[in-house]
Each structure stands twice: as C-alpha cells, then as structure tokens.
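Report on the structure given below.
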Amino acid sequence: MTDVLKRQSYIGIEKEKVLEHLIKIFGKPNVTDKNYNLIAYSYDMTESPPRMPDFVVLPKKVEEIIQLVNFCNQYCIPIVPYVSGNNVGGLTIPEEGGIICDMGKRMKKIVKINESLMYIILEPGVTFGQLKKFLDDHHPNLKYGYAMAPPYASVLANALLSGISNLSTKMGSMGDMINGLEVVLYNGELIRTGTSFLSKEMKDDNWFARYPMPDLTGLFIGWQGTTGIVTKGALQLWSRKKYNAALMGIIYTAENCANVLQEFGRSECCEDVCSISAELAKMVWGFEKPQKLKEEPDYIVMVSLSGATKELLQAKINYLRQIFNELKEKAENKRMFLVNFDTFINIVGKEFAVYYNIPNVLTPLYEWDGLTWVGSYAHPDRIAKLMNTVYGLYKKYEMGPMIYSKSMKGGHYSVLRPMVRFQKVREEEKVKKMMHEILEVMLEENCVPYKAPSWMTEIIRKKCDPNWVKLLERIKCTMDPNHIFNPGKWGL
Amino acid sequence: MSPNIFDQISKEETLTELISIFGRKYVSKKPSDLYPYSEDATESDPHMPDFVVLPKNVEEIVQLIKFCQKYSIPLVPYISGNNVGGLTIPEYGGIICDMGKRMNKIISINESLMYAILEPGVTWGQFKKLLDEKYPTLKYAYTYAPPYASVVANTLLSGLSDHSCAYGSMSEFLNGLEAVLNTGEVVRTGSCFLSKEMKEDNWFARYPMPDLTSLFIGWQGMTGIVTKAAVQLWPKKKYNTALAALVYGDKTCAKVVQELGRTECCDDVSAMSSTVAKMTLGLENPSQYEQEPDYAVFITVSGNTRELLEAKVKYIKYIFDRIKAQEGERIFLTNFFTLANLLGEKFTIYYDLPSVMLPMVEYSGITWVGTYANPDIIGPLLIECRNVFAQYSRAPLLFMKSMKASHYCVFMAITRYKKYEELEKIKELQKKFLDLTLEYDCFPYKTPKWMTEVIRERCNPGWLKLLDMIKRSMDPKNVFNPGKWGFEF
C-alpha cells in the first residue's frame, strides 16, 4: 500500500492554494492532484517503498520551471524531477510528497545538433528511441552511446546518473559524455555549465566542452536531482563507422568470463564488451524461470566493434581472436568459444538480437511487475569472485541468476549488475532480503552502486569516509538551502 | 592598497606557529627565498609572499589550514610554478605551501586496474622513469611541459597531453582526489570514498556517486588543498609510429587537425606554425620564408599488433589524401623520423615527451593565450592571430591540438619575450589575443587573473553567481589562493 507522506509541506500555504498557483503556471490540463494520476508516480518496479506525490505538473518550457522552483522554494514544497521513471532505483519516488515535475511529456525537444563538433542539445524528455531515430534519419554519420534501456527512457537522465551504454567499454561512464548542462537553481536562477557559460545570452553553438573552467557540471552529476532541475544537456556524439561487427563468446566459468571482459576491454578494440549469465540469456526465449542445464555454458559475452575501413575492422577482430586464444591457452577450463554474433543468432533465433540492437525493450525483464538490481561500478579483478558469490545467493533465494557485467573505459573499471525480476506482492520481502545480502557482498568487494536507491545510500553513508558525507551535505545546503529538490535521496 | 593580512596575528607569531608545524628548516621568510615565488615567466603582476613552507605530509597541511583559517591568512598551493598563468603568484601575500619539494611520493600503482596514486609534487620525469623501469606495459599521457612540472597540477587544471586526441582533457584521467578542506577535514572523492580509512586498492573510478571531484577541477586551488590524486594509466601498445605533415594554408591546417582527430586512429594530432618548428632548431628570431610551409603537423599512432598499426596509418593517409584533393593546397605527409633525420635530432623533442623545449624557456619571459576552442573556427582564427603577431613584429608562434577525437581542440598563441624590456608591449599583445579568441568563443585554460576579470564581464551572470556560491561554501574566509577568478581578499 502507498504510504502517506511524512513531511508537513503545506504549513505556509494551503494545498488548494498550491493547486491554484500551479494551474496559473502550467494551465489546467497540465496539473493534477487526482489520486488516479498520482499513483503511477508513487512507486516503481523496485523494492523501494512507495510514497504518494501531492501534485504532478507537466512543464513545457524553462520559464515555467523557474516559476515552479521560485514558488516551491518560497513555501518549502518538495519538487521531484521526473522523466520516465525507468531508473530502477526508486529515484523519482517522492519520499516527502510534494510536486512531481514530469518533463517526459512536453519537454522533449532535440534543441540543436552540431554535426561538425559532434554534440547534441537535448531537453530532459528526449528518449533513446527518439534520439536514435533522429540520428539515423538525419545524421547517419553520427551515433550516441545507447543504453540497454527501453527506447522510452530518458537520454539525459541516464547521463546525469552515470549510466552505461554500448560505447562504455570505449568511452566510460555516460557522465563523461556531457559537455554541459542548463539548470534552474533553487533561487530560480537559470545557469549553463560547460563552454556555453561564455556568453550572457547562452548560445547553443559553443557548447563543445565541459572543461577547462571551474567544473560546475559535476554539481549535477550523480546528485539524483537534489541540487537543481536540469532543463537541457549538451551531449557528445561519435562518428558512426562504416564497418561493424559483433562477436560472441560462449564461456564456461566465471573466471574465464571475467578474464575475457577485462582483456577485451583493455584491447582498446571494442566499443562494448558485456556478459550475461546463461539464465539471463535464456530468458529472452520466454522461459519463465530459466535454469542453466548441466552442460550449458555459464556466461555469454557480447562484443561490438567497428572500423572506418574493412582493414581496420579485420585487424581488430584478429587481435581479439589472438587475445581470446591466449586466454584459452592459459585457462584451467578450456571450454570457451568465440563466434560470430550473427552465426549464433541464426542458430538460436532472432530473439537474441535484442542484446545487440539497442535501445530495445527486453520484454521478459518487464513482463513481471517487479524488477530490481544492485547495479554497481566494480573492480574488474573481483568480478569472477563476485559472480560466483552472487550466483550462490540467487540459488539460496531460489531465484534465476541474472548477472550482467560490462567492461568500462578500456578496462579501467567494470559494471556488475545482478538483476532480479519478481512478483511484487508475493516476493517483495524475499527480494528485499536478497538485495540487502547482495549489496553487503558487493560493498565488501569495494563496488560502488550507481543509481543507488535511498535504502542503499543509507548503508553507504555508514560505511564511507565521514568527511565525504560532510562535504556532500555542505554542498547540498549551499545548492538547496530549503531542501526542496528530491528530498530524502542520499540521506539528505 | 593591499589589505593587512596580519591584522589578527602578527608576522612574528605566524613564523613561530609555522616553525612549530614544519620545523625551522622548512619555513622561510627571507626575501631571497621568497622572491622566486613572487612571479613567473608570464605578464602576470608579481607579488611577494610572506612565508614559504615545505610540507612533508598531509597532517602538516591540516594544521596549516586550520591556522590560516583561524587567522584569515592567504594560503597558495605551489608545486613547480610552471603553469604559465601566474596561478601561484600570491596576489595578497600570505603563505606559499610548496608541495614540490617534499611531497613527491608515487604512493602506489595498481597495474591491473591501471591507476597510480600520486602526491602533488610528483613530476612528469619522475613518473615516466618509474613506469618505464618498473611497469613497462603501462604508460601515462605526457605533456609538452618540462619533466620537472607536476602531473597532478596538470590534471587539476585541465591540461593537455600527447594522448589528448584519444582521451581528451587530462581532467578525464582523474579517478579521484584527496583534499584538505577549510575545516581541516581530509576528504577523498571518487570510489575511494567508500571506506572510512583510505584504501589504496579501490580508487578505480570517479563516478557514479555525486561528483565531488569536480569541486577541485579547474578551481586553481581555491576550494581546498589537494594532497593526493588517483590518475588513470593506459596500456602501452607494442607498435608505435609518428607521422609529420607539412601544410600550406591556415584553413587547410585546421582541417587536417580536425579530420585526422576524427579518425579515432591517432593518440595525438598537434600542429605548430613553422616558426615554432624552426625555433626548435635553435634560430633565435625565426621567420618564415616565402616558399616554406606554414605549419608542421605531428601525429602519433599506436597499435597492439602490426596489422592494427598499419591499418590505422593507411586510413590516416587516405583521409590526408582526401583533404589534399579537396583543398588543392600543398600538403605533404611523411614519416616523422624521416623529417627529424633531415632537420636534426633536436626535432625529436616533440616526440620524446616530457622534454624541455629549450628555446621556449631560454628567454626571461614566456606567455600564451591557451584556449579550448571550436575546431570549426580555427582556420580564420589562425589568420587573424598571424596578423596580430605581424602588427607587433613578432614571429607567429601558433599551436593547436585535436582533443577527444576533435570534439574540441586546443589553440594557443605563444609569445616568448624579454621580460623587463618588453613587458608592457606583451601585455597589450596578450589583451589583443584574448579579445580575439573570446570573440571566436574560445575559452582560456590555466586562466591568469587578468583574463578571468575579462571573462567575468562577458559570461553568463548566473554561472558567476553559482561560482560565488560554491566558493563561499568551500572557503568562506577566502583563504585559498585569493584573488583568482575575481575572488578578492
């Protein structure tokens, strides 16, 4: 059941007056306080406890958000920025009620693309599907790093939350793809970070870099909307190569899988190298509770690469094969095979191509009402150990092991994501316990959760450098003295 | 008139306190010791510090900061003073905290996760030597700075390197920092935040928690004193080569740099006007003759296999030929070492980094307007800067580099000069370059005080307010490097 809100937000002003004011800013059709509208914003697919908002507003432009922020700051009413709610971390659940500022419906313009300088300016509501279609149709020489998220998820939210993409093995976290941001601060001030700061009138054609001035962009990366409302982002695009290929590793043992991820990542030949456990792979064929059979491989590794010329692509493939063979030579369990992805698809069925053709809806992930994960940035060295330990926990809780991993930024770090799909009402308590146990194991191995839900950040705050927490709080107080932006996240 | 910074405690008492923290040997107030810290090779106005201290460890810096905060005494972090922006000149006097002499430990290298933890005083030369000798499979990216300049300062100031075309600004190489705050608290940013005590083995990423590392990047030491940094290393490739192009025409040169950068085949693509190239060969006042090329472009390429290296070189040549056909200009691509053999060994300093470019530092003055720039406008900008150099009867020393696969580039107009004879003229020249580059939407890096004053006038006022908010939050008494970015004491 959805809980009632804890915060007394309407001391200075009555709720009815708030509604009137919101209607004045956004117009009647774009404001609601009806429970049947609000309930959809009160929860997500994860185990995060639900909370009802009091209002939802659908802004169209920045000026409306400025008015909203000024109003909320005056009366200390929480504002929660929302785009599509697909973060799998309960990050837009309004912990203390207040107003959901849903930018996913009417703030979805692709504002400008600079083909030569390879960046694009987006409003928060622009989705991966929309961006991909736009680039494919109008700028076929350019691409973005697409996430293994549904096409209706927000591009900008993914970047702000240090999400991952199918260019992450090459380029790293999506946080590093940001040239700059436009943000409404708590005092209603509209600012731009990155090189666009260099003009009074905020020009769109000079947003080509994040540095070298004092880095104010970082004030909004990883902060989960607690420091201001981001209204535009300038994001880097990359040239799309003429020749592309995808390989697939069929791997026995977590150790072999982790070695392939790390060494392929370090080869600097791949745009993306990720792995999925056999059970996760089988899920796409529609098994309700996929089980790995005795002789089946433990992990599937998917590799995508490209080259401006056929020779470049072939040279990369040859080098990857060489690395793979060397790893096989050294491996205790030599059952590991590298094949062409297309060949594999032809054998096992087209459903499997969803892992390559992203953004895409991995339907089986969403066909249950519950989905959650402990997604974390992790040590490549510890991935094998973690895979094995986490696998054991899945078995303990009688859940199908759905383990995803990715090599990031040339193998400098990894992402490890044990996922759980579950039936919310029936299995929630069990899943909560399991998530806690997985988190403990991962923190023990120095993993840092990303898109971390509130319950995780509470645990992290207790374990981490206390001075880091103090600095976090200091910056939060500076950026949001009345505590209106997404309160409750990161223990703030 | 400068404010009296010793209105809360006398200079004598300050000296006593500093000696109690650092020991007599590591504190000085003698003008002969202080003088080198009062100026650099640029046109920035000099100012004497009152004391210099040479810390050995973080605990001493904690005590120093607590003391300075208590009595509002300016504190300027210093390493080697090679920033070419007057960034460590103590605008209001106070204490220079020189970490270059005794805080220069390479604390650890994580070979598997490819990062190094460095104290601020670690130099390029020191770092390269250690990697070459002990970790031959790894490399860092090296700059055109002298081997005695600081690695950490370069990353904090968004410097560039010989891998900037592949990976971008050096700030993107940071996994995290240790910094002492105004309160004396020691904070760690990046993944190392995840434990109460500092574990050296978990400093592998900057994200995904709230990005507090950014509070110290580009801030010129105004938000705290950075005492350690975890920086990314990269695998050293087995096969390496370098190409050199001779290019006629400013716009063509800009195009060559931009297009080669976009191939994603190069570690580094930099261009310099032929006068810079000739300067390397020892000509005192190099000028360009009528038939000489306008620019030399350097390209470094590497590959894990010979096949990969060759495929990259082949593609670079293909792109180069395409530009040649389109532009109709005289441009030639050759092996760098062939050219170096023709021109003399001195020329290889552009490849063997870090190295001292003697001609750059043999005059008493060197300065530049170094900027992050829009690659599309470099052609016309080069032409205009050339004209400005001509107006002032100076050889055009121009430099540019493709950054992060040409998402942006770096542009520099460099001037070496005789400091005490030509200073006023150079100040005028620098102002002209600044106006011109700002007109072209370039943004100066390692920005001197006088430039930030001009920028404050032009830029988005909301951005300035946020800058002020953060500065006030991080350093309410304005003790850290006051005077920079318009934060007057």
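Going down the list, the sequences are from chains A and B. Position 285 of the first sequence, counting from 1, maps to 266 under the numbering used here, and the rest follow consecutively. Position 468 of the second sequence, counting from 1, maps to 506 under the numbering used here, and the rest follow consecutively. Beta carbons: idealized from backbone N, C-alpha and C, even for Gly. Only a predicted model underlies this, so the values are computations on that prediction, with no experimental measurement involved.
Local conformation of residue i per DSSP, three classes
i          : result
A/Gly351   : strand
B/Ala315   : helix
B/Met438   : strand
B/Gln326   : coil
A/Phe178   : helix
A/Ala433   : coil
A/Asp(-16) : Note that A/Asp(-16) has pLDDT 46, beneath the 50 cutoff, so the model's placement of it is unreliable and the number below is only indicative. DSSP places A/Asp(-16) in strand when its eight states are reduced to three.
A/Thr459   : helix
A/Val(-1)  : helix
A/Gln48    : helix
A/Leu171   : strand
A/Asn68    : coil
B/Val394   : coil
Cutoff 8 Å: residue i Cβ touching any chain B Cβ
i          : result
A/Leu(-14) : At A/Leu(-14) the pLDDT is 46, less than 50, meaning the model places this residue with poor confidence; the figure from the coordinates comes in the next sentence. A/Leu(-14) does not count as touching chain B.
A/Ile94    : no
A/Cys445   : yes
A/His120   : no
Separation of residue j from residue i, as counted between CA atoms
i          : j        : result
B/Lys63    : B/Met137 : 15 Å
A/Ala134   : A/Phe109 : 6 Å
A/Val329   : A/Lys222 : 28 Å
A/Asp(-16) : A/Pro34  : Note on A/Asp(-16): pLDDT 46, under 50, position unreliable in the model; the coordinate value appears next. Straight-line Cα distance between these residues: approximately 10 Å.
A/Leu482   : A/Asn338 : Residue 482 of chain A cannot be examined here, being either before or after the span of chain A that is shown, -18 to 473.
B/Ser82    : B/Ser118 : 16 Å
B/Tyr401   : A/Gly156 : 42 Å
B/Leu72    : B/Val90  : 7 Å
B/Glu50    : B/Leu92  : 18 Å
Under 8 Å between C-beta atoms of residue i and residue j
i        : j        : result
B/Ser393 : B/Pro185 : yes
B/Lys352 : A/Glu292 : yes
A/Met368 : A/Cys255 : no
B/Val339 : B/Leu281 : yes
B/Ile387 : B/Met398 : no
A/Tyr100 : A/Ile465 : no
A/Leu397 : A/Cys428 : yes
B/Lys522 : B/Leu125 : yes
A/Ser29  : A/Trp436 : yes
A/Pro340 : A/Gly70  : no
A/Val37  : A/Thr13  : yes
B/Pro413 : B/Cys447 : yes
A/Phe322 : A/Leu228 : yes
B/Gln164 : B/Tyr109 : no
A/Val165 : A/Leu137 : no
A/Trp449 : A/Thr207 : no
B/Leu371 : B/Pro273 : no
B/Leu377 : B/Asp200 : no
A/Lys387 : A/Thr150 : yes
B/Ile103 : B/Gly222 : yes
B/Leu250 : A/Leu141 : no
B/Val218 : B/Ile255 : no
Interface partners of residue i on chain B, CB under 7 Å
i        : result
A/Met183 : Asn498
A/Thr27  : By Cβ distance, chain B contributes nothing, its closest Cβ being about 17 Å from A/Thr27, past 7 Å.
A/Thr73  : Result: empty, since nearest Cβ-Cβ is about 17 Å, beyond 7 Å.
Any C-beta of chain A under 8 Å from that of residue i
i        : result
B/Val190 : no
B/Asn412 : yes
B/Ala309 : no
B/Ile508 : yes
B/Asp513 : no
B/Gln270 : yes
B/Ser207 : yes
Proximal residues of chain B, C-beta to C-beta of residue i below 8 Å
i        : result
A/Arg173 : Asn498, Gly500, Trp501
A/Asn16  : The contacting residues do not exist; A/Asn16 stays about 33 Å from chain B at best.
Neighbour list for residue i in chain A, Cβ cutoff strictly below 7 Å
i        : result
B/Glu210 : Asp157
B/Tyr353 : Ala289, Thr290, Leu293
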